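Each remark here refers to the structure printed beneath this line.
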Amino acid sequence: MNTRSWWNRHGSQLTLLGLAVATAWLVRQTQGAALFEIYYWVSRPFQQSSEQLVTVQEQAKVLNARIEELEAKVKDLDSQNQNLQKLLGYVSSKPNDKGVVAPVIARSAEHWWQQVTLGRGSKSGIKADDLVMGPGGFVGRIVSVTPHTSQVLLLSDPTSRVGVAVSRTRQMGYLKGQGSNEGVMEFFDNVPKVKPDDVVVTSAFSQIFPAGWPVGKVVSVDINKAPAPEAVIEFFVPLGSLEWVVVYPNPKSTQKVGN
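Read the sequence shown against numbering that gives the first Met the number 0 and you will find it ends at 258, with the numbers running on by one and no gaps.
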């Protein structure tokens with residue numbers, strides 16, 4: 000067998016064996032760095048595509064979060080606008096009353112149902128004991144004033160006491176705050192004529208507030224309550240989410256403070 004025929008038969012095998020030996024030697028000398036380098040350049044286009052895909056996905060998440068944030072803000076502004084429109088409609092229906100529209104700018108988490116701070120004060124003509132109306136009903140009264148802010152004592156304050164009456168039957172009593180969007184009316188009469196859904200308004204016998212201001216509606220009645228019958232009153236205004244109010248001069252503010 001001559002050399003040429005032997006090479007033709009075994010040359011490719013020797014070539015592959017030589018490449019394998021050379022590769023093994025290269026790996027040993029470089030601790031595999033050369034192979035990793037080759038792998039890096041071969042796989043680089045695929046890595047870039049993967050990184051670009053991750054980047055696009057992250058950008059899409061950020062964009063979607065921003066869109067959701069803006070949609071929430073639009074809904075919130077729309078809700079505020081509707082409440083403000085209700086108040087402005089109420090003000091325009093009473094052209095002879097000098098109401099001051101004021102935003103709620105602060106309230107304490109510890110005293111959420113007790114007081115709120117308005118963004119209007121004495122510079123806007125607001126005074127202590129002025130009356131505060133929300134969208135739909137009576138809210139409370141001004142208890143302190145600075146040039147640009149004022150504090151409102153809410154009907155829901157547990158220390159609040161307001162003379163009230165059932166509009167349908169004129170049954171009278173006083174309303175006590177309960178630290179929620181409901182108050183308790185204690186009747187003067189031992190057998191009051193009252194039923195659920197009756198409207199409750201401020202009483203003519205109140206020494207602080209004028210008569211007829213809407214307060215809320217009767218939710219339930221306990222005739223057997225001692226020492227006097229009681230009714231749970233749901234306020235017309237959602238005091239826990241108050242955002243805008245109208246402040247009116249109190250015609251009884253010169254009288255002695257009382258109930």
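We put the CB at the ideal spot given by N, CA and C, even for glycine. Given the structure is predicted, the values throughout are model-derived calculations rather than measurements.
Chain-order list of residues whose beta-carbon lies under 8 Å from that of residue i (same chain, five-residue window excluded)
i, result
"residue 156", "112, 113, 114, 139, 176, 178"
"residue 186", "170, 171, 172, 193, 227, 228, 229, 230"
"residue 222", "190, 191, 228"
Proximity of residue i and residue j at Cβ, strictly below 7 Å
i, j, result
"residue 200", "residue 209", "no"
"residue 136", "residue 204", "no"
"residue 133", "residue 236", "yes"
"residue 122", "residue 146", "yes"
"residue 197", "residue 160", "no"
Sequence-distant residues of the same chain with beta carbon closer than 6 Å to residue i, five excluded per side
i, result
"residue 149", "117, 120, 125, 141"
"residue 220", "193, 230"
"residue 238", "153, 155, 180"
"residue 249", "128, 129, 130"
"residue 246", "99, 101, 125, 129, 131"
"residue 109", "none"
Inter-residue Cα distance where the pair is residue i and residue j
i, j, result
"residue 152", "residue 98", "18 Å"
"residue 242", "residue 104", "8 Å"
"residue 107", "residue 54", "43 Å"
"residue 158", "residue 182", "11 Å"
"residue 188", "residue 130", "28 Å"
"residue 225", "residue 174", "16 Å"
"residue 244", "residue 100", "6 Å"
"residue 234", "residue 184", "12 Å"
"residue 65", "residue 57", "12 Å"
"residue 240", "residue 60", "31 Å"
Buried or exposed (CB count within 10 angstroms, at least 16 for buried), residue i
i, result
"residue 62", "exposed"
"residue 195", "exposed"
"residue 215", "buried"
"residue 165", "buried"
"residue 232", "buried"
Same chain, Cβ closer than 7 Å to residue i, neighbours up to 5 away in sequence not counted
i, result
"residue 202", "162, 163, 164, 171, 210"
"residue 127", "141, 142, 143, 144"
"residue 94", "Its pLDDT being 47, under 50, residue 94 is placed unreliably in this model, and the value from its coordinates should be taken loosely. Closer than 7 Å at the Cβ level, and outside the excluded window around residue 94, lies no residue."
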